[in-house]
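Engineer:
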Amino acid sequence: MSEIKEVIVKTDRMATDRYQVNMGPQHPSTHGVLRLLVTLEGEKVLNVQPHTGYIHSGIEKMCEALTYPQIIHLTDRMDYLSAHMSNEAVALCVENALQVEVSDRVKYIRTIMDELTRLASHQLWWCVYGMDLGALTTFFYGLRDRELILDIFEETCGARMTVSYNTPGGLMFDIHPNFQKRVKDYLKYFKTKLPEYDELLSGNVIMRERTEGIGYLTLEDAIDFGVTGPSGRASGFSNDIRKHQPYSAYPFVKFNEILDHRCDSLARYEVRIKEMWESISIIEQLIDNIPEGDYALKMKGVMKLPEGEFYQRVETARGEFGVFIISDGKKNPYRLKFRSSGFSNLFALNNMAKGHKIADLVAIMSTLDLIIPDIDR
Amino acid sequence: MTNDELKTVLTERFPAAEIKQGFQYVEMTVKAEDLHEIAVQLKQTDEFYFDYLICLTGVDYPENMEIIYHLESIKHRHVMVLKVRTADRVNPAIDTVSDVWITAKYHEREAYDLLGIHFNNHTDLRRLFLEDGWGFPLRKDYVDEVRIVER
Amino acid sequence: MESSALLVFFLAAITLVGLAMLFSSYVPPTSKNSAKFEPYECGIETVGDAWLQYTVGYYLFAILFLIFDVETIFLFPWAIAMRTAGIAGFVEILIFFAILGLGLLYGWKKHALRWE
Amino acid sequence: MGIKNKKEFEKNDYPIIAEYEGGGIMLASLDAMVNWARSNSLWPLTFGTRCCAIEFMSAGASRHDMARFGAEVARASPRQADLLVISGTINYKMAPVLKRLYDQMADPKYVIALGGCAISGGPFFYNSYAIVKGADHIIPVDVYVPGCPPRPEAYLYGLMQLQKKIMRQKNFGKVKYSEAKPIISDKTSI
């Protein structure tokens with residue numbers, strides 16, 4: 001066991017014994033198979049020790065035996081809520097390596113699908129966030145709106161969640177004829193529903209009471225732990241890859257990066273809600289003027305990347321996702337490393353949750369929005 | 378500052394290291410013994426100020442094991458790649474940088490778990506994903522005929 | 529006449545509960561394995577033992593709750609006989625509440641309700 | 645335990661299961677009542693590992709609505725659940741946990757393997773060193789629902805098949821309910 005740091009607990013009553021409890025692999029609030037060994041004193045959390053590996057499937061070793069189009073089918077099984085962005089990362093990395101430029105049409109469609117995936121992911125986060133705080137109604141509101149996005153995905157990409165819509169050099173097929181109409185209808189519908197989310201949860205006194213000032217993550221800690229994405233931006237860590245290293249159609253879009261300096265769980269909640277509004281405005285700017293053009297380039301069947309190292313960073317709904325390919329000229333990569341956003345966000349949990357109650361630990365962890373296969377790969 | 382400015386400043390500040398302009402970023406390969414001291418310098422000097430370790434990758438090359446650090450400075454917005462090699466394959470050992478960047482503590486545990494690279498004076502070097510005694514799967518010579526179904 | 533209704537009520541309770549327990553112990557299949565009788569801790573074997581020393585705050589809260597729970601139990605028979613008891617009954621219940629209110633005030637001032 | 649009267653199955657969607665010797669009219673109707681009660685109140689255990697868990701959640705939400713089959717109460721602890729839906733991959737570190745959870749479930753318990761990963765390792769079948777190739781190496785599985793991830797409707801169809809399977813179960817008479825042994829294939833060592 002790692003050393004349990006002595007926390008001086010000032011209490012005029014008799015001291016309590018410390019004991020360790022497993023918020024184990026099968027737990028409603030870990031959203032997957034993450035095991036937290038929590039050292040408790042009564043209800044106060046002294047030390048949280050994440051034990052991962054219960055869903056480790058060795059994807060990086062598998063990718064060393066797959067060709068590049070095949071790898072794309074695995075990346076959307078890692079962070080399955082931002083599947084399209086992870087696929088796009090691999091596709092962009094291969095395209096940069098082969099110095100190939102995709103048409104504007106592909107860039108526009110990729111960015112629209114990115115933002116739709118971000119909306120769907122934030123909606124599911126909002127459902128489960130409410131459930132973690134004990135409000136079961138958010139589950140049905142959020143998933144009701146998410147189903148409509150999944151219908152749009154299914155019509156265009158054929159799959160609801162693990163879309164695999166990207167290939168190196170473009171898209172698998174063109175968008176469905178009434179894709180634009182359905183997206184515009186959906187945006188009109190969802191703009192009336194997002195205020196409903198605020199009425200249901202944002203103004204709720206119990207929710208504010210449970211998240212205000214809980215789970216404090218200072219800016220230095222956020223940078224040091226590498227906490228990216230909305231969780232990092234809520235502490236003022238400006239790390240939006242769409243802004244700093246724009247890719248696909250993000251240079252043509254005007255949107256602002258949402259930063260918040262309150263560093264607590266409520267700030268992380270509000271950053272995500274505001275990001276949903278940003279995603280809607282991004283899609284609106286793009287959906288009407290998708291340029292004409294071919295949806296995929298003529299690529300050789302087996303792509304051989306030149307020797308060298310290629311790194312591509314993409315902003316998923318949870319943070320910065322990086323694909324690092326070391327290629328030695330053959331048809332499959334020599335070494336492929338995925339920089340997963342959840343991995344760094346998870347290990348900042350300990351110094352956020354120290355000293356809080358166990359119920360606050362659950363609230364903090366759900367504002368971090370962790371996906372466990374993204375951590376274990 | 379841009380890549381080539383960074384390259385010139387790095388070559389003049391660290392003459393002992395070999396620096397070259399990679400495909401996207403400046404790559405600096407340092408010797409294993411002065412890795413820690415260079416890492417502290419890269420973080421503390423205001424000119425570089427690399428305070429964000431993006432990711433730490435372990436690679437198993439035929440002749441040596443290599444650790445690749447991707448560093449970014451939030452203040453200056455420039456990115457750099459730091460590499461360190463060790464030829465010893467039986468028990469490779471590299472100094473830890475977890476006191477410079479806290480996130481390295483867990484990335485190093487992952488590199489130890491999957492590649493077997495030991496990090497000296499790392500506070501809590503345990504396996505992250507696999508059970509003890511499993512072997513190091515990401516090594517090229519890893520063979521496991523019971524669990525892996527070859528294609 | 530009164531006691532026979534009570535008897536029927538009592539017998540019905542016994543037979544129904546007995547029948548349900550008999551049914552559920554014989555009809556469903558039972559698989560005997562060692563893991564089934566260990567405490568469930570999210571799928572991991574429990575380490576150490578849960579017989580620990582807690583803050584005394586839990587005990588204080590429990591006792592205070594118990595007092596006011598029993599108070600409401602005394603309220604039920606009064607509520608049934610409220611019509612016939614008239615004003616005198618009402619004054620008696622007020623005195624009863626006042627005494628218990630004093631108890632609550634005492635607990636409040638001695639910080640029994642404060643958690644930290 | 646011979647098969648006395650070989651009944652002809654009219655509806656062809658019944659998987660062919662040899663009929664056990666069972667009780668007479670009185671016990672058969674008691675059987676029907678017990679099976680009817682069990683099959684219409686299958687409480688699933690929240691056991692999601694990978695993307696199939698999200699499809700399992702949208703099956704519980706308002707559009708696909710598991711509640712129509714009495715299965716919407718997803719319990720968190722195995723003590724109160726009688727249906728274990730394995731949604732996602734099981735790796736070698738998770739296998740003993742899954743076995744322990746299955747053992748700690750109250751009887752009668754049923755298992756649905758949801759998605760390709762739970763059936764046979766799915767996309768992780770080839771050259772993955774950490775994935776158990778199918779959950780039936782660890783615990784006996786009643787219904788397999790293919791798909792990666794399967795649509796919520798596919799999961800509901802699997803649920804209906806399980807309900808049919810439960811309706812044919814014989815609880816009384818001379819039936820011995822012995823815990824079915826998991827099929828341990830020689831290739832994988834647990």
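Protein chains in written order, with my numbering: chain R, 1 to 377; chain V, 378 to 528; chain F, 529 to 644; chain P, 645 to 834.
Where is the CB? At the ideal position from N, CA and C, for every residue including glycine.
Computed from a prediction, not measured in an experiment: that's the story for all the values here.
1. Cα separation between residue 599(F) and residue 535(F)?
2. Any beta carbon from chain P within less than 9 Å of residue 471(V)'s own beta carbon?
3. Flag this pair as yes or no: are the beta carbons of residue 348(R) and residue 222(R) separated by less than 9 Å?
4. What would DSSP say about residue 781(P), mapped onto helix, strand or coil?
5. In chain V, which residues lie less than 7 Å from residue 335(R) when you measure between Cβ atoms?
6. What are the start and end residues of the alpha helix (DSSP H) that includes residue 551(F)?
7. Suppose the cutoff is 7 Å on Cβ atoms and the five residues either side in sequence are ignored; what does the same chain contact list for residue 304(R) look like?
8. Relative to chain R, which residues along the stretch 580 to 596 of chain F have a C-beta separation below 7 Å, given in chain order?
9. When you compare the CB of residue 741(P) with every CB in chain R, is at least one pair closer than 9 Å?
10. Just to confirm my understanding: we take residue 400(V), look at its own chain, exclude 5 residues before and 5 after, and list those with CB closer than 6 Å. What are they?
11. Closer than 9 Å between beta carbons: that is the criterion. Which residues of the stretch 728 to 759 of chain P meet it against chain F?
12. Return the chain-ordered list of same chain residues with a C-beta closer than 7 Å to the C-beta of residue 517(V), the five sequence neighbours on each side being excluded.
13. On the criterion of 16 or more Cβ atoms from any shown chain inside 10 Å, does residue 137(R) qualify as buried, or is it exposed?
14. Applying a beta-carbon distance threshold of less than 8 Å, which residues of chain V neighbour residue 223(R)?
15. Measuring only from the beta carbon, is residue 527(V) closer than 8 Å to any heavy atom that is part of the ligand NAP?
16. Please report how far the alpha carbon of residue 575(F) lies from the alpha carbon of residue 234(R), in whole angstroms.
17. Taking the Cβ atom as the reference point for each residue, do residue 90(R) and residue 312(R) lie within a distance shorter than 9 Å?
18. Quick one: Cα of residue 474(V) to Cα of residue 495(V), how far?
19. Do the stretch 38 to 48 of chain R and the stretch 590 to 608 of chain F meet, that is, are 3 or more Cβ pairs less than 8 Å apart?
20. Roughly how many angstroms lie between the CA atoms of residue 1(R) and residue 569(F), to the nearest whole one?
21. Is the Cβ of residue 483(V) closer than 9 Å to any Cβ of chain R?
22. Taking a Cβ distance cut-off of 7 Å, strictly less, list which residues of the stretch 41 to 55 of chain R are near chain F, in chain order.
23. Helix, strand or coil for residue 432(V)? Go by DSSP, reduced to three states.
24. So, at 6 Å on beta carbons, what are the nonlocal neighbours of residue 129(R) in its own chain, with the 5 sequence-adjacent residues on each side left out?
25. In the DSSP assignment, the alpha helix (DSSP H) including residue 225(R) goes from what residue to what residue?
26. So, using beta-carbon positions, are residue 732(P) and residue 55(R) closer together than 9 Å?
27. At what residues does the alpha helix (DSSP H) containing residue 591(F) begin and finish?
28. Whole angstroms is fine: what's the gap from residue 368(V)'s alpha carbon to residue 449(V)'s?
29. Kindly identify the DSSP beta-bridge partner or partners of residue 747(P).
30. Quick one: give me the first and last residue of the beta strand (DSSP E) that residue 50(R) is part of.
31. So, with DSSP's three-state summary, where would you put residue 796(P)?
32. Kindly give me the distance between the Cβ atoms of residue 772(P) and residue 202(R), rounded to whole angstroms, as I take these residues to be in contact under 8 Å.
33. Pairing CB atoms from the stretch 735 to 745 of chain P with CB atoms from the stretch 705 to 719 of chain P, are three or more of them under 8 Å?
34. Buried or exposed, going by whether 16 or more other CB atoms sit within 10 Å of the CB of residue 61(R)?
35. To the nearest angstrom, how far is the alpha carbon of residue 378(V) from that of residue 283(R)?
36. Under DSSP, the beta strand (DSSP E) around residue 23(R) begins and ends at which residues?
Structural biologist: According to the data block:
1. 28 Å
2. no
3. yes
4. helix
5. 436
6. 530 to 554
7. 329, 330, 331
8. 580, 581, 582, 583, 584, 585
9. yes
10. none
11. 738, 740, 741, 742, 743, 744, 745, 746, 747, 748, 749, 750, 751, 752, 753
12. 437
13. exposed
14. 428, 429, 451
15. You won't find the ligand NAP in this model; it holds no ligand whatsoever.
16. 37 Å
17. yes
18. 12 Å
19. no
20. For residue 1(R), the pLDDT reaches just 49, beneath the cut-off of 50, and the residue's location in the model is therefore unreliable, although a value from the coordinates is still provided. Approximately 19 Å, taken between the alpha carbons.
21. yes
22. 42
23. strand
24. 366
25. 219 to 225
26. yes
27. 584 to 608
28. One cannot answer for residue 368(V) here, as it falls past the ends of chain V, which runs 378 to 528.
29. According to DSSP, which records beta bridges pairwise, residue 747(P) is partnered with nothing at all.
30. 44 to 51
31. helix
32. Wrong, their Cβ atoms sit about 42 Å apart, outside the cutoff.
33. no
34. buried
35. 33 Å
36. 18 to 23
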